[in-house]
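Undergrad: Each residue of the sequence shown is one higher than the one before, starting from 9 at the first, in the numbering used here. Even for Gly, the Cβ is constructed at its ideal location relative to N, Cα and C.
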Amino acid sequence: MKFRIFCLGMVLGTLAACNAAEGDSAVAGDAEERASVEAEAMAAEDPAFAVNSQGIMPDGTPDSLIAFGANSLDTVEAVSAVAGDLYDQDESDECGAGPMEFAHWGPIMLTFQNGEFVGWELRDGAQDAGMGLTNGATIGSTRQELEAAIGAPVIVEESTLGNEFVSGGISGLLDADTPDARVTALWAGIDCAMR
Numbered sequence: 009m010k011f012r013i014f015c016l017g018m019v020l021g022t023l024a025a026c027n028a029a030e031g032d033s034a035v036a037g038d039a040e041e042r043a044s045v046e047a048e049a050m051a052a053e054d055p056a057f058a059v060n061s062q063g064i065m066p067d068g069t070p071d072s073l074i075a076f077g078a079n080s081l082d083t084v085e086a087v088s089a090v091a092g093d094l095y096d097q098d099e100s101d102e103c104g105a106g107p108m109e110f111a112h113w114g115p116i117m118l119t120f121q122n123g124e125f126v127g128w129e130l131r132d133g134a135q136d137a138g139m140g141l142t143n144g145a146t147i148g149s150t151r152q153e154l155e156a157a158i159g160a161p162v163i164v165e166e167s168t169l170g171n172e173f174v175s176g177g178i179s180g181l182l183d184a185d186t187p188d189a190r191v192t193a194l195w196a197g198i199d200c201a202m203r
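1) How many angstroms separate the CA atom of W195 from the CA atom of A201?
2) Would you call the segment 117-127 in contact with the segment 78-86, where contact means no fewer than 3 C-beta pairs closer than 8 Å?
3) Candidates I158, V162, L182, V174: which alpha carbon is nearest I147's?
4) Measuring only the C-alpha atoms, how far is Q135 from D71?
5) Let's test the definition: count the other Cβ atoms within 10 Å of the Cβ of A184 and tell me whether it reaches 16, buried, or not, exposed.
6) Looking at A75 and T142, is the spacing between their C-beta atoms short of 7 Å?
7) Quick one: give me the first and last residue of the beta strand (DSSP E) that L169 is part of.
8) Identify, in the order they occur along the chain, each residue of the same chain with its Cβ nearer than 6 Å to the Cβ of A91, setting aside the five sequence neighbours on each side.
9) Please name the residue, chosen from S61, A56, P55, that lies closest to G127 on a Cα-to-Cα basis.
10) Just verifying my parser: in three-state terms, what is the DSSP assignment at V45?
11) Per DSSP, which one or two residues make a beta bridge with Q121?
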């Protein structure tokens with residue numbers, strides 16, 4: 009009888025030790041999962057489709073840079089592979105820089121002239137589509153976030169478009185000329201804005 013009790017005690021002790029080890033493992037697993045989720049959230053701050061003063065990066069990385077001057081058909085093909093089917097194309101003969109063609113994928117518009125990619129523009133919705141400047145500023149960002157992303161002060165001037173700025177090769181609009189103003193449009197390269 010004592011032998012059975014001893015064996016039962018050993019079995020229960022072993023199970024308790026295993027359960028404690030499993031609990032420790034579960035706690036460690038939960039910590040790893042939290043760290044993974046936090047890392048993903050931090051990575052999400054960088055745009056999936058990035059733009060800068062030199063062109064666009066459909067994969068969000070410098071290796072995917074399509075610089076101004078690239079062939080228009082190659083540019084459309086590369087962007088379509090990432091942003092999906094082209095949903096709108098148009099053209100204008102009334103741009104200050106001469107006739108231009110435009111291609112739109114949701115909130116991003118690319119401009120073309122003489123068969124070359126010459127500009128981009130981001131509008132409302134870019135913030136939800138993972139599109140923004142290489143350092144993360146996008147539509148809805150504050151003026152301070154914009155200046156940090158561009159790496160230069162943002163000087164605002166009133167134009168027929170509104171509170172327009174040019175800084176570090178990036179242009180756009182703010183909803184006010186105040187420190188807490190928010191970005192409402194961004195563009196670079198040759199544009200066709202009617203001023």
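TA: In this structure, then:
1) Their Cα atoms are separated by approximately 10 Å.
2) Judged by Cβ distances under 8 Å, the segment 117-127 makes contact with the segment 78-86, as three or more pairs qualify.
3) For I147, the closest of I158, V162, L182, V174 by C-alpha to C-alpha distance is L182.
4) Between Q135 and D71, the C-alpha separation is close to 22 Å.
5) The Cβ neighbour count for A184, taken over all protein chains shown within 10 Å, is under 16; the residue is labelled exposed.
6) No, they are not a contact pair.
7) Where L169 is concerned, there is no enclosing beta strand (DSSP E), given that its DSSP letter is neither H nor E.
8) Excluding positions up to five away in sequence, the list reads W113.
9) It is S61.
10) Residue confidence for V45 is low, a pLDDT of 35 falling below 50, so the modelled location carries little weight; the figure read from the coordinates is stated next. Of the three classes helix, strand and coil, the one that applies to V45 here is helix, per DSSP.
11) For Q121, DSSP records a beta bridge to E124.
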